[in-house]
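Taking the UniProt record's numbering, the leading residue of the sequence shown gets 1, the next gets one more, and so forth.
Notes follow the structure.
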Amino acid sequence: MNNPHDIAFKTAFRRKDLAISFFRHYLPEEIVRDTDFGTLELINGSYVDEAFAESHSDIVYRVRLRGKDVFLYILFEHQSTPDRMMAFRLLCYMVNLWRDYIAQHPKTKHLPAILPLVLYHGKQRWNAPLSFREMVTGGGDFREYVPDFIYRLYDLGRHGNDLLRSGNAALNVTLHLFRHIFDAESGTVFGQTADMVIEIEDAGLFAETLRWAVTYFLNARNEDAGELIKIISREAGRVGDERIRREAMTAAEQLRKQGEVLGASGIILKQARKRFGKLSPVLEQKLRKSDLDMLDKFGEAIFDFRDLKDAEKWWEEQENGGNA
Numbered sequence: 001m002n003n004p005h006d007i008a009f010k011t012a013f014r015r016k017d018l019a020i021s022f023f024r025h026y027l028p029e030e031i032v033r034d035t036d037f038g039t040l041e042l043i044n045g046s047y048v049d050e051a052f053a054e055s056h057s058d059i060v061y062r063v064r065l066r067g068k069d070v071f072l073y074i075l076f077e078h079q080s081t082p083d084r085m086m087a088f089r090l091l092c093y094m095v096n097l098w099r100d101y102i103a104q105h106p107k108t109k110h111l112p113a114i115l116p117l118v119l120y121h122g123k124q125r126w127n128a129p130l131s132f133r134e135m136v137t138g139g140g141d142f143r144e145y146v147p148d149f150i151y152r153l154y155d156l157g158r159h160g161n162d163l164l165r166s167g168n169a170a171l172n173v174t175l176h177l178f179r180h181i182f183d184a185e186s187g188t189v190f191g192q193t194a195d196m197v198i199e200i201e202d203a204g205l206f207a208e209t210l211r212w213a214v215t216y217f218l219n220a221r222n223e224d225a226g227e228l229i230k231i232i233s234r235e236a237g238r239v240g241d242e243r244i245r246r247e248a249m250t251a252a253e254q255l256r257k258q259g260e261v262l263g264a265s266g267i268i269l270k271q272a273r274k275r276f277g278k279l280s281p282v283l284e285q286k287l288r289k290s291d292l293d294m295l296d297k298f299g300e301a302i303f304d305f306r307d308l309k310d311a312e313k314w315w316e317e318q319e320n321g322g323n324a
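What follows is the structure, encoded as structure tokens:
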């Protein structure tokens, strides 16, 4: 998945320091008080249904709360409008998580609690039900038979800047850019971000956060990349920090190379399918992930192969340092 919001969210919230800062400032006080954040552990994988992978991204952490394991489930909603069925979708994703837990603990007789959180940065105010039971009609006598839970909502568009700046400096930059990424004036969006980035004192954290911000800004803004680079350079000059301009140039070059590889990969995949028909999953994956040099070599050799097995054998020999 190449959705820039998905990539930015997962890159940011997989950092434990940033995630802990978020939880400490945005979870209920009584939960924060009883949570041992020293036990926080990232759970690999996604529990979002494939049909919604373009609009939903998730991160799961396991942590000890009052001596028991619980899951903190963050869902990033990157549609521009609220999802009225969010509570239902969350129920499905939570069940997916529990299924995975049962598969890993087949003898368990209990399920760990899940605290669902939704992060939303659309322009329209969130108006979807926060409780699952609110979505179910025909209540009355049936209420006790209907599952129910609520989710915590963080509508970034409704939070003031003061509240969004209550975490650590890297979290402040992250939430600020998520909130303003759709704003009309690109110069203001990046300028305010640059003002916040230079507040980060740790050199390593500064570089990591700046790289994240520049990459997200360039990927998510629906504008000419060259113009965005000029904006970044201008704002770097305004704040007097050459590191920002330098990082922008580096990120832009990486994005250009990624674009070249994606373009070449698409062309080679079309050629291979035309030559051999359906490709094996292994070969298709190799073609999608290879660099330009390997793609060029494969493109030159493709018409020398008698069949798909020849192509796969050639690739295996290349990886082993041999020649086809």
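A virtual CB, placed ideally from N, CA and C, is assigned to each residue, including glycine.
None of the values given here were measured: they were computed from a predicted structure.
With 16 other CB atoms within 10 Å as the buried threshold, where does residue i fall?
| i | result |
| --- | --- |
| arginine 89 | buried |
| alanine 272 | buried |
| arginine 306 | exposed |
| threonine 35 | buried |
| threonine 108 | exposed |
| aspartate 6 | buried |
| phenylalanine 13 | buried |
Should residue i be counted as a contact of the ligand FMN given a C-beta to heavy atom distance under 7 Å?
| i | result |
| --- | --- |
| glycine 240 | Among the components modelled here there is no ligand, and therefore nothing to report on the ligand FMN. |
Just the C-alpha distance for residue i and residue j, rounded to the nearest angstrom, thanks.
| i | j | result |
| --- | --- | --- |
| asparagine 168 | threonine 174 | 10 Å |
| residue 325 | serine 57 | A question about residue 325 goes unanswered here, because the residues of the chain that appear run from 1 up to 324. |
| isoleucine 102 | leucine 111 | 8 Å |
| alanine 324 | aspartate 293 | Legend: pLDDT at alanine 324 = 42, less than 50; position of this residue unreliable, no value from coordinates given. |
| leucine 130 | threonine 250 | 42 Å |
| phenylalanine 182 | arginine 221 | 7 Å |
| isoleucine 31 | arginine 125 | 27 Å |
| threonine 215 | glycine 204 | 17 Å |
| serine 233 | serine 280 | 45 Å |
| aspartate 195 | arginine 179 | 16 Å |
| methionine 1 | aspartate 141 | Note that methionine 1 has pLDDT 47, beneath the 50 cutoff, so the model's placement of it is unreliable and the number below is only indicative. In a straight line, the C-alpha of methionine 1 is about 44 Å away from that of aspartate 141. |
| residue 325 | lysine 278 | Outside the shown range of the chain, which is 1 to 324, sits residue 325, and nothing can be said about it. |
| arginine 243 | leucine 177 | 19 Å |
| alanine 311 | alanine 301 | 9 Å |
| phenylalanine 276 | glutamine 79 | 39 Å |
| lysine 68 | tyrosine 120 | 29 Å |
| aspartate 202 | arginine 158 | 30 Å |
Closest to residue i by CA distance: which of the options is it?
| i | options | result |
| --- | --- | --- |
| leucine 228 | Gly240, Asp241, Ala213 and Val239 | Ala213 |
| aspartate 148 | Glu77, Glu41 and Glu134 | Glu134 |
| lysine 297 | Glu319, Gly240 and Gly226 | Glu319 |
| tyrosine 93 | Glu235, Val197 and Tyr47 | Tyr47 |
| isoleucine 74 | Ile267, Arg245, Leu117 and Leu210 | Leu117 |
| alanine 19 | Tyr61, Glu50, Ser55 and Asn3 | Tyr61 |
| glutamate 29 | Leu65, Asp17 and Ile231 | Leu65 |
| tyrosine 26 | Tyr151, Arg84, Leu210 and Ile231 | Tyr151 |
| phenylalanine 37 | Ala51, Lys16 and Lys309 | Lys16 |
| glycine 237 | Phe206, Phe190, Ala225 and Glu185 | Phe190 |
Which class does residue i belong to by DSSP, given the choice of helix, strand or coil?
| i | result |
| --- | --- |
| valine 70 | strand |
| threonine 39 | strand |
| arginine 14 | coil |
| histidine 25 | helix |
| tyrosine 47 | coil |
| glutamine 318 | helix |
| isoleucine 200 | coil |
| residue 363 | Nothing about residue 363 can be reported from this structure: the residues present for the chain run from 1 to 324 only. |
| serine 280 | coil |
| tyrosine 145 | helix |
| alanine 113 | strand |
| leucine 175 | helix |
| arginine 152 | strand |
| serine 233 | helix |
| arginine 84 | coil |
| valine 136 | coil |
| isoleucine 7 | helix |
| glutamate 77 | strand |
| leucine 130 | coil |
| glutamate 223 | coil |
Compute the beta-carbon to beta-carbon distance between residue i and residue j, rounded to the nearest angstrom, for a pair I have assumed lies under 8 Å.
| i | j | result |
| --- | --- | --- |
| alanine 128 | methionine 86 | 5 Å |
| phenylalanine 76 | leucine 171 | About 14 Å; that fails the 8 Å criterion. |
| leucine 156 | leucine 115 | About 19 Å; that fails the 8 Å criterion. |
| threonine 193 | isoleucine 200 | That belief does not hold up - the Cβ atoms of threonine 193 and isoleucine 200 are roughly 12 Å apart, past 8 Å. |
| alanine 264 | leucine 295 | 5 Å |
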